[in-house]
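> First residue of the sequence shown? That's 170 in the numbering used here, and the numbers climb one at a time after it.
The C-beta atom is built at its ideal place from N, Cα and C for all residues, glycine as well.
Just passing along the structure, written as C-alpha cells.
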Amino acid sequence: MTSTHQAFHPAFAGSRHDHERCAHAALDEAARVCASQGARLTAVRRQVLELIWRSHAPIGAYDLLAALNGAGRKAAPPTVYRALEFLLRHGLIHRIESRNAYVGCALPSRHHVGQFLICRACGNAAEIDDSAIARAIARSTASLGFAPERIAVEISGRCERCAAADRA
Ligand SMILES: [Zn+2]
Ligand SMILES: [Zn+2]
Ligand SMILES: [Zn+2]
Numbered sequence: 170m171t172s173t174h175q176a177f178h179p180a181f182a183g184s185r186h187d188h189e190r191c192a193h194a195a196l197d198e199a200a201r202v203c204a205s206q207g208a209r210l211t212a213v214r215r216q217v218l219e220l221i222w223r224s225h226a227p228i229g230a231y232d233l234l235a236a237l238n239g240a241g242r243k244a245a246p247p248t249v250y251r252a253l254e255f256l257l258r259h260g261l262i263h264r265i266e267s268r269n270a271y272v273g274c275a276l277p278s279r280h281h282v283g284q285f286l287i288c289r290a291c292g293n294a295a296e297i298d299d300s301a302i303a304r305a306i307a308r309s310t311a312s313l314g315f316a317p318e319r320i321a322v323e324i325s326g327r328c329e330r331c332a333a334a335d336r337a
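Rendered as C-alpha cells:
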C-alpha cells in the first residue's frame, strides 16, 4: 500500500465539492464490497449508511436514530447499533473515538486503519490513509511488546477553508 499525501480532500473542499456525486459513489462502492463479501446490505443498513454519507461530519448513533425515525422508520437504538456494527465490520464506516460518532469510508475495499483530521469549525472529518503512520505505530508498540487492539489517530484543528474564513 502506498502512502498517500493528499493536498485535497473532499471533506474540506466545501462548495467546490460535488457531495451528491461523492456520496453516490461511496454507496455504489459499499454495495460492491458487500456483494463481494457475501454480506447483505439490507434496507436499514443502507439507510444508515446513506445518513452517514449525508455529509463529511461525523454523526452519532442518537442523531442517526432521530434521522431514521424522521424518515418514517420506527427504529429502536438496537437497530441502529446493529447496523453500525455491520457497517464497521465491513469497513464501510469508521468510528471517530473522540466524537463517539461515525463517518463513511470512501475506500472500503482496502484494508486500512485511517487517520482523521477533524475540523472544529465546520465539523468535517477527512480521512488520510498514511501507511507510514500505521507502520510507525506498529513498530513502536511491538518494540514494547504491546498488543494494540484499537488504534485511533485523530487530529482536531481547522481545515484550510475555515482557517481562511477566520483570517478574512
Ligand atoms: Zn463528499
Ligand atoms: Zn477508510
Ligand atoms: Zn472546516
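1) Could you work out which residue in Arg336, Asp335, Cys331 is closest to Ser184 when comparing CA atoms only?
2) Among Gln216, Ala226, Cys288, whose alpha-carbon lies nearest the alpha-carbon of Gly241?
3) Using C-beta distances below 7 Å, list every residue in its chain close to Leu210, excluding the 5 sequence neighbours before and after it, in chain order.
4) Is it the case that the segment 286–305 contacts the segment 315–333, given that we only count it when at least three CB pairs across the two stretches are under 8 Å?
5) Just to confirm, does Pro277 get its C-beta within under 7 Å of one of the non-hydrogen atoms of ligand 1?
6) Beta-carbon separation of Cys274 and Ile265 under 8 Å?
7) Please look up how many angstroms separate the CB atoms of Pro227 and Val282, rounded, as I've assumed it's under 8 Å.
8) Looking only at C-alpha atoms, which of Val213, Ala295, Ser312, Arg214 sits nearest to Phe177?
9) From Ser267 to Arg319, what does the alpha carbon distance come to, in whole angstroms?
10) Going along the chain, which residues of its own chain have a beta-carbon closer than 7 Å to the beta-carbon of Thr248, five neighbours each way excluded?
11) Ala180 and Asn293 look like a contact to me (Cβ under 8 Å); what is the Cβ gap, rounded to whole Å?
12) Of all the beta strand (DSSP E) runs that stay within the bounds of the segment 192–234, which reach a length of 3 or more residues?
13) Assuming Leu196 contacts Glu219 (C-beta within less than 8 Å), just tell me the rounded distance between them.
14) In the DSSP assignment, find the unbroken beta strand (DSSP E) run with Ser325 in it and report its ends.
15) Just list the residues that DSSP pairs Arg264 with in beta bridges.
Inspection of the coordinates gives the following:
1) In the sequence shown, counting from the first residue as 1, residue 184 sits at position 15. Nearest of Arg336, Asp335, Cys331 to Ser184, Cα basis: Cys331.
2) In the sequence shown, the residue the question calls residue 241 occupies position 72. Closest option to Gly241, Cα to Cα, is Gln216.
3) Here residue 210 corresponds to residue number 41 of the sequence shown, with the count starting at 1. When the five nearest sequence neighbours on each side are left out, the beta carbons in the same chain lying within less than 7 Å of the beta carbon of Leu210 are those of Ala199, Ala200, Cys203, in order along the chain.
4) In short, these stretches touch, since the Cβ pair count reaches three.
5) Taking the first residue of the sequence shown as 1, we reach residue 277 at position 108. No; taking the cut-off as 7 Å, the Cβ of Pro277 has no heavy atom of ligand 1 nearer than that.
6) Here residue 274 is taken as the residue at index 105 of the sequence shown, counted from 1. Here residue 265 is taken as the residue at index 96 of the sequence shown, counted from 1. Contact flag unset, no.
7) For the purposes of this step, residue 227 is taken as the residue at position 58 of the sequence shown. For the purposes of this step, residue 282 is taken as the residue at position 113 of the sequence shown. Between Val282 and Pro227 the Cβ distance is about 17 Å, and since that is not below 8 Å, they are no contact.
8) If you number the sequence shown from 1, residue 177 lands on position 8. Put simply, of Val213, Ala295, Ser312, Arg214 the residue whose alpha carbon is nearest the alpha carbon of Phe177 is Ala295.
9) Indexing the sequence shown from 1 puts residue 267 at position 98. Indexing the sequence shown from 1 puts residue 319 at position 150. If you take the alpha carbons of Ser267 and Arg319, they lie about 13 Å apart.
10) Working through the sequence shown from its first residue, we reach residue 248 at position 79. If we look at Thr248 and ignore the five residues flanking it on each side, its Cβ neighbours are Val213.
11) Position 11 of the sequence shown, counted from the start, is the residue given in the question as residue 180. Position 124 of the sequence shown, counted from the start, is the residue given in the question as residue 293. About 4 Å separates the CB atoms of Ala180 and Asn293; that is less than 8 Å, so the two are in contact.
12) If we require 3 residues or more, the segment 192–234 turns out to have no beta strand (DSSP E) run fully inside it.
13) Within the sequence shown, residue 196 is the residue found at index 27, counting from 1. Within the sequence shown, residue 219 is the residue found at index 50, counting from 1. Indeed, because the Cβ distance is near 6 Å, the residues count as touching under 8 Å.
14) Position 156 of the sequence shown, counting from 1, holds the residue named residue 325. Ser325 -> beta strand (DSSP E) spans 322–326.
15) Stepping through the sequence shown from its first residue, residue 264 is reached at position 95. Its beta-bridge partners are Tyr271.
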